[in-house]
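Student: Structure incoming, see below.
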Amino acid sequence: MNVTPQMIIDAMKNEEFIVYYQPKVSLLRYNLAGAEALCRWIHDGKLIQPDLFIPQLEKMEEIAEFDFYLLEHICRDIRKWLDEKLNVVKTSVNLSRCHKMNDALLKRLVGTIDKYRIPHQYIEFELLESTMEVNYDELKSLLTGLTLEGITTSVDDFGIGYSSMNLIRTLPWNVIKIDKSFVPKSDSDYRQHTIFRHLISMARDLGLDCIVEGVETVEQVRLLKENKCYLAQGFLFDRPLPPAEFRRRLLGN
Ligand code: G
Ligand code: G
Ligand code: MN
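For the sequence shown, position 5 (counting from the first letter as 1) is numbered 5 according to UniProt numbering, and the numbering increases by one without interruption.
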């Protein structure tokens, strides 16, 4: 699909983007422990998955406005659920690495969350592992600012970027989200198992929360628990759910 800036601007204006919510599950009691907000695009009557347009969008300036647009929608949903007195859970919001990581970004993120009077503990930002282009000092200042606001941050897709170790050595993250490609698919893959085990224990020893994404089998759940990782997100539990369906999950929570 060939996406142009104008298409994105029009789609935002026409409210064609919607937010799905994928549950994060606690493996201690199998209850709802959080959610990740993931966008979908209803274009010409079809539901378009983000990997068909986000990579192109990330090459355009519009990605910044797009993230804010999504954040507004997410805050609006959470406000509605809070008003309904549902047991709201922390929702993580993907933040593109293309933003200019400055004070203005921090102010606008917090400003949006506050506009909807969302208590800060209900929001987390997921940032992809840094690539070479990210300015380290700016990223540090953004993460520190969010921490001071009581908003948690998570390293998304941990393990597949270029500079993972450097990124977690000195920056104040709260959560490491292990990329789905690191989840062992068979018992016999020694290298895969070893890396997986050590990623989880490293996160724990650093005092970071650890969640594994892409959990698809009962066997993988067993492996997570064996390694004392008790948070999972994946198709075994739920796919990303439309808001009405996710709301029903909150009702039962
Ligand atoms: O299901 P999934 O196909 O939902 O998402 C594919 C990719 O698109 C994910 O890697 C996710 O980080 C990215 N993505 C989904 N929603 C958003 C969003 O609102 N903002 C940004 N920047 N990326 C998103
Ligand atoms: O932002 P991030 O890359 O973490 O987005 C999560 C992506 O992982 C989304 O595209 C989501 O649909 C996808 N995903 C979530 N659970 C599973 C799963 O169990 N298996 C696979 N293959 N993909 C998943
Ligand atoms: Mn993510």
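Note that beta-carbon positions come from the ideal geometry of N, C-alpha and C, so glycine has one too.
Computed from a predicted structure; not experimentally measured.
State buried or exposed for phenylalanine 158, treating a residue as buried only when at least 16 other CB atoms are found within 10 Å of its CB.
Tutor: The residue given as residue 158 occupies position 158 in the sequence shown. Buried is the call here.
Student: Taking a cut-off of 6 angstroms, which residues have a beta-carbon closer than that to any heavy atom of ligand 3, in chain order?
Tutor: Glu36, Asn94, Glu126 and Asp156
Student: Within 7 angstroms: the Cβ of leucine 38 and any heavy atom of ligand 1?
Tutor: Within the sequence shown, the letter at position 38 stands for residue 38. Yes, Cβ of leucine 38 sits closer than 7 angstroms to a heavy atom of ligand 1.
Student: Please classify cysteine 98: does DSSP put it in a helix, a strand, or coil?
Tutor: Within the sequence shown, the letter at position 98 stands for residue 98. Coil at cysteine 98, not helix or strand.
Student: Taking Cβ to Cβ, would you say valine 183 is nearer than 8 angstroms to valine 212?
Tutor: Taking the first residue of the sequence shown as position 1, residue 183 is located at position 183. Taking the first residue of the sequence shown as position 1, residue 212 is located at position 212. Yes, the Cβ-Cβ distance between valine 183 and valine 212 is below 8 angstroms.
Student: Check whether the Cβ atoms of glutamate 129 and isoleucine 160 sit closer than 8 angstroms, and answer yes or no.
Tutor: Counted from its first residue, the sequence shown places residue 129 at position 129. Counted from its first residue, the sequence shown places residue 160 at position 160. Yes, they are a contact pair.
Student: If you count every other CB in all the chains shown that lies within 10 Å of the CB of methionine 101, and 16 or more means buried, which is it?
Tutor: Sequence index remark: in the sequence shown, residue 101 carries index 101 (1-based). Per the 10 Å Cβ criterion, buried.
Student: Out of Lys90, Asn14 and Lys80, point me to the one whose CA is closest to alanine 37's CA.
Tutor: Taking the sequence shown and counting its residues from 1, one reaches residue 37 at position 37. Comparing Cα positions, the closest option is Lys90.
Student: How big is the Cα-Cα spacing for tyrosine 30 and threonine 4?
Tutor: Residue mapping note: residue 30 aligns to position 30 of the sequence shown, counting from 1. Residue mapping note: residue 4 aligns to position 4 of the sequence shown, counting from 1. Approximately 42 angstroms, taken between the alpha carbons.
Student: Measure the alpha-carbon distance for tryptophan 173 versus glutamine 22 and round it to whole angstroms.
Tutor: If you number the sequence shown from 1, residue 173 lands on position 173. If you number the sequence shown from 1, residue 22 lands on position 22. Answer to the nearest angstrom: the Cα atoms are 21 angstroms apart.
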